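Enquirer: One structure is given below, represented as structure tokens, and several questions about it will come after.
Residue numbers (the numbering used here): 6 to 278.
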């Protein structure tokens, strides 16, 4: 008789399904797909068991509605950002153009994105901007991530005390996200910090951001590299994108607005108890 609210930060089975698809050792793939199936069955079981579900994005909600056949209430409450905290950033221009990637490397989509960036996108950026630097920042860097520092002008650093320092010293955030659901916190933080963003369609999923208005969005390595070069060589473009994105975050994704959205769900659910 106690109502249950289940908030899904991400849909786990989809994350590992993509990992299984990309896994190179074919004899082990069936074992991975068995794990994916188990994850999916358990996730969908608890979706049906909950009184109310909350998704991070419209696409996640669509998947959950289909799995539960529309029987559960499913709202959308995106991630939020402490806008005032990021407003206190003082830009500290680096001596060379600096491209930033941020992520916790316990999370497979972040490991994939950082590796994809350093090995496939970065060499193309370096051809156009020989003086540029790639700065990879985040907690729990694995050995594979640390080894990316062997690539020329790639700096890998663990978790830093204040992420605002990284944004203050960077020309743009490049987040080539290819996996994972929900809103991407690194993208929201960069926008709140006034830093231009280059990302994939998945990187802005659930944010309401529009390509060309709030960020530059592309899918291929060549197009992502070209977008990053464009922002660095056309500062006015970066400033325009950053200003529009910051306004979007301030209006829709500040903690006060997000907490109100969540509070409405708590209040509605409480009335059913």
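A virtual CB, placed ideally from N, CA and C, is assigned to each residue, including glycine.
A quick note: this is a predicted structure, and the numbers were derived from the prediction, not measured.
How do the region 241 to 257 and the region 206 to 226 stand: do at least 3 beta-carbon pairs fall below 8 Å, yes or no?
Expert: yes
Enquirer: Report the partner residues of residue 162 according to the DSSP bridge assignment.
Expert: Residue 162 pairs with 142.
Enquirer: If residue 235 sits next to residue 208, beta carbons under 8 Å apart, how far is it from one beta carbon to the other, in whole angstroms?
Expert: 17 Å between Cβ atoms; not a contact.
Enquirer: Would the beta-carbon of residue 220 fall within 8 Å of that of residue 202?
Expert: yes
Enquirer: Can you have a look at residue 99 and say buried or exposed, based on whether 16 or more other CB atoms are within 10 angstroms of its CB?
Expert: exposed
Enquirer: Which of the three DSSP states, helix, strand or coil, is assigned to residue 204?
Expert: For residue 204, the secondary structure class from DSSP, reduced to helix, strand or coil, is strand.
Enquirer: Return the CA-CA distance between residue 156 and residue 27, expressed in angstroms with no decimal places.
Expert: Rounded to the nearest angstrom, the two C-alpha atoms are 23 Å apart.
Enquirer: Look at the alpha carbon of residue 237 and the alpha carbon of residue 176, and state the distance between them as a whole number of angstroms.
Expert: 7 Å
Enquirer: Check for me: the beta strand (DSSP E) holding residue 177 runs from which residue to which?
Expert: 177 to 180
Enquirer: Per the DSSP calculation, residue 234 is bridged to which residue(s)?
Expert: Bridge partners of residue 234: none, in fact.
Enquirer: Cutting at 7 Å between CB atoms, please list the residues of its own chain near residue 154, excluding the five before and the five after it.
Expert: 160 and 161
Enquirer: Straight-line CA distance for residue 258 to residue 31?
Expert: 42 Å
Enquirer: Thinking just about the alpha-carbon of each residue, which of 94, 51 and 174 is nearest to the one in residue 13?
Expert: 51
Enquirer: DSSP on residue 171, reduced to helix/strand/coil?
Expert: helix
Enquirer: Are the CB atoms of residue 56 and residue 8 within a distance shorter than 8 Å?
Expert: yes
Enquirer: Using alpha carbons as the reference points, say which of 200, 89, 106 and 21 lies closest to residue 150.
Expert: Proximity to residue 150 across 200, 89, 106 and 21 peaks at 106, based on C-alpha coordinates.
Enquirer: Can you check which of these residues, 101, 59, 118 and 36, is closest to residue 191 by C-alpha distance?
Expert: Considering only 101, 59, 118 and 36, the residue with the shortest C-alpha distance to residue 191 is 118.
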